[in-house]
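S.K.:
Here it is, written out as structure tokens:
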């Protein structure tokens, strides 16, 4: 695919999209030295081993081994083809791609593309109806009653599906979509009379988008009161999977990065009201409990998640379960407080966005404070045995907290409330602390962005000539002069086959007039194994630390190994010949020479 697009355009797109910025839209990166580190999005981990090198525009995970440039990251992350990754980055940076003689290949099946196209048409249609047509008047009046502005209506592309059984079916079949595909996508539904009807008729439509902003499903709020569910989502399928999606994530993710915290809610209207009020780092689950996939998605972006659920009993239970899940995967959790009859939307409607931000979000409780209040609901503290059990449960939970300051703070809270000495409480806490498995303690410190990844990527011990070849190839990738020198003195005379292939490709790359560019060079390699070899080589050393003497030493070492390899090959052939000719003395002499040669190598 890459060779169908002019090389200068690929290079322009790549240079217009800094790899740190692009990957930073998917995971939280923190700078350490020259590189950036974060939790790998391709495999589960608690200690950051995913490294991004801005200078060389490449990434590498020292845990799972994946690596590449900005194109390969998107191809891996979004299951894009090369063209889709290029188009996404071109759109992101405003670079115009040529439209002639380029096959716009897609990673999605034809049916999936049709589903996405149908959802896109309906999003526009329903939104148009609610804004301009009589058929959408009921939906518009409802949203006005909920305080939704025109600007918000536009930003969220909210719409209305008329209360007509075949309105959507007629519209889409006229555009060439088949009823079986529309049934499979969840846009249409079948009834007991084998009729195909509009699944969302008579409902306000909330488009549900994936992280790239494409509509993959709908949430519909009923206005008819016909006995059906108040809220209805698209059916589960290839595109729409509630357990993997967070409502408003596509709009909220840049605000989440900016604020360095995410606010997690339960419903569409909660999110929309908060966003309209200026609190924009908000996302929501869609009528189900938070899943591990959703929690890990948030954890890739931020350390801190504020849970802002309804204030009723069900909301409190949901907060507790969500907080346990988020903490188990490494998030710092805070819990916003709302009264029993309040939810985020109603609070904002009554008190305004500023009050919500200042009195609810900014005053949210720490996890430990919430845990203590939550546990109180399950104990009668007037009864001595239950009071003791409550204190023990709090101390056990407190023993899981790494922060000595936080521990001491809550120890003093228990001391003041129950008139127990600090010494006694600390002593009991220490006993529980000794019983905490080391793995749990590790979870509390899994956000230490250090060079701990080195322990994951334990270096193999290679012979000296292999290390020499690796080092000299690393320098060649970063400096065309060194590559020219090596080509003149060594050519393709590397001893390791992979090194020969990389060097040959690199010579051709420079002969075409290209400047050193590891990311661009990788696009010339079709073999994933070789690409990984290049990434490993590129990250292994810095050409600025190289010297002529060092390079000459490496070249001598590589030549010597090549000569010794030839000598060993000759000795082995002579030894076999002596054995065939039944000359044991000569065979033994040759074997001793081989042994001496191997000793010299060591």
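Numbering (UniProt numbering), first residue to last: 1 to 602.
By construction, the Cβ of each residue, glycine as well, lies at the ideal position given by its N, Cα and C atoms.
Going residue by residue through the stretch 489-555, where are the continuous alpha helix (DSSP H) segments of at least 4 residues, counting only ones entirely within it?
M.R.: 497-511, 518-522 and 528-540
S.K.: Could you tell me the alpha carbon to alpha carbon distance between residue 15 and residue 79, rounded to whole angstroms?
M.R.: 22 Å
S.K.: Kindly provide the ranges of any alpha helix (DSSP H) runs that are 4 or more residues long and lie completely inside the stretch 90-147, ordered along the chain.
M.R.: With a minimum length of 4 residues, the continuous alpha helix (DSSP H) runs that stay inside the stretch 90-147 are 110-132 and 137-145.
S.K.: Tell me the residue span of the alpha helix (DSSP H) that contains residue 21.
M.R.: 19-24
S.K.: Apart from the five residues just before and just after residue 377, which ones in its own chain have a Cβ nearer than 8 Å to its Cβ?
M.R.: Contacts found: 316.
S.K.: Could you tell me the alpha carbon to alpha carbon distance between residue 553 and residue 500, rounded to whole angstroms?
M.R.: Those two C-alpha atoms are separated by around 19 Å.
S.K.: Between the Cα of residue 164 and those of 224, 472 and 96, spot the shortest distance and give me the residue it belongs to.
M.R.: Ranking 224, 472 and 96 by Cα distance to residue 164 puts 224 first.
S.K.: Have a look at 573, 532 and 572 and flag the residue whose alpha-carbon is nearest the alpha-carbon of residue 69.
M.R.: 532
S.K.: Going by other Cβ atoms of all chains shown within 10 Å of its Cβ, with 16 needed for buried, is residue 388 buried or exposed?
M.R.: exposed
S.K.: For the stretch 265-283 and the stretch 320-331, state whether three or more C-beta atom pairs, one from each stretch, are separated by less than 8 Å.
M.R.: no
S.K.: May I ask you to report which of helix, strand or coil DSSP gives residue 315?
M.R.: helix
S.K.: Go ahead and label residue 534 buried or exposed: buried means 16 or more other beta carbons lie within 10 angstroms of its beta carbon, across all protein chains shown.
M.R.: buried
S.K.: Check each candidate in 306, 476 and 291 and name the one with the smallest Cα separation from residue 370.
M.R.: 306
S.K.: For a quick check, are the C-beta atoms of residue 334 and residue 304 less than 8 Å apart?
M.R.: Cβ atoms of residue 334 and residue 304: closer than 8 Å.
S.K.: Go through its chain and collect everything with a Cβ distance to residue 584's Cβ below 7 Å, but skip five positions before and after it.
M.R.: none
S.K.: Is the distance from the Cβ of residue 399 to the Cβ of residue 432 below 8 Å?
M.R.: yes
S.K.: Roughly how many angstroms lie between the CA atoms of residue 361 and residue 308, to the nearest whole one?
M.R.: 8 Å
S.K.: Is the beta carbon of residue 237 sitting closer than 8 Å to the one on residue 185?
M.R.: Contact flag set, yes.
S.K.: Identify the continuous beta strand (DSSP E) that holds residue 51 and give its terminal residues.
M.R.: 50-53
S.K.: Please report the distance separating the alpha-carbon of residue 287 from that of residue 498.
M.R.: 53 Å
S.K.: Would residue 252 and residue 230 be called neighbours here (beta carbons separated by less than 8 Å)?
M.R.: No, they are not a contact pair.
S.K.: CA-CA distance, residue 241 and residue 539?
M.R.: Taking the straight line from one Cα to the other gives about 38 Å.
S.K.: Can you give the Cα-Cα distance for residue 581 and residue 562, rounded to whole angstroms?
M.R.: 29 Å
S.K.: Given this structure, state the Cα-to-Cα distance separating residue 595 from residue 63, to the nearest angstrom.
M.R.: 38 Å
S.K.: Measure the beta-carbon distance from residue 381 to residue 331 and round it to whole angstroms, keeping in mind my assumption that it falls under 8 Å.
M.R.: That pair is no contact at about 30 Å.
S.K.: Among 537, 473, 413 and 530, which one has its Cα closest to the Cα of residue 507?
M.R.: 473
S.K.: Can you list, in chain order, the residues of its chain with a C-beta nearer than 8 Å to that of residue 541? Leave out the 5 residues immediately preceding and following it.
M.R.: 471, 474 and 475
S.K.: Have a look at 153, 144, 197 and 162 and flag the residue whose alpha-carbon is nearest the alpha-carbon of residue 169.
M.R.: 197
S.K.: Are residue 207 and residue 112 close, meaning C-beta to C-beta below 8 Å?
M.R.: no
S.K.: What residue ranges within the stretch 143-186 form continuous beta strand (DSSP E) runs of no fewer than 3 residues, ordered along the chain?
M.R.: DSSP runs (the beta strand (DSSP E)) wholly in the stretch 143-186: 159-161.
S.K.: Is residue 56 helix, strand or coil when you go by DSSP?
M.R.: Of the three classes helix, strand and coil, the one that applies to residue 56 here is coil, per DSSP.
S.K.: Going by DSSP in three states, residue 368 sits in which element: helix, strand or coil?
M.R.: helix
S.K.: Of all the options 9, 153 and 416, which has the alpha carbon lying nearest to the alpha carbon of residue 272?
M.R.: 153
S.K.: From what residue to what residue does the alpha helix (DSSP H) around residue 265 run?
M.R.: No alpha helix (DSSP H) holds residue 265; the beta strand (DSSP E) holding it covers 261-265.
S.K.: Should residue 77 and residue 239 be called a contact, given that it needs their Cβ atoms to be closer than 8 Å?
M.R.: no
S.K.: Tell me, please, which residues DSSP counts as bridged to residue 222.
M.R.: 203
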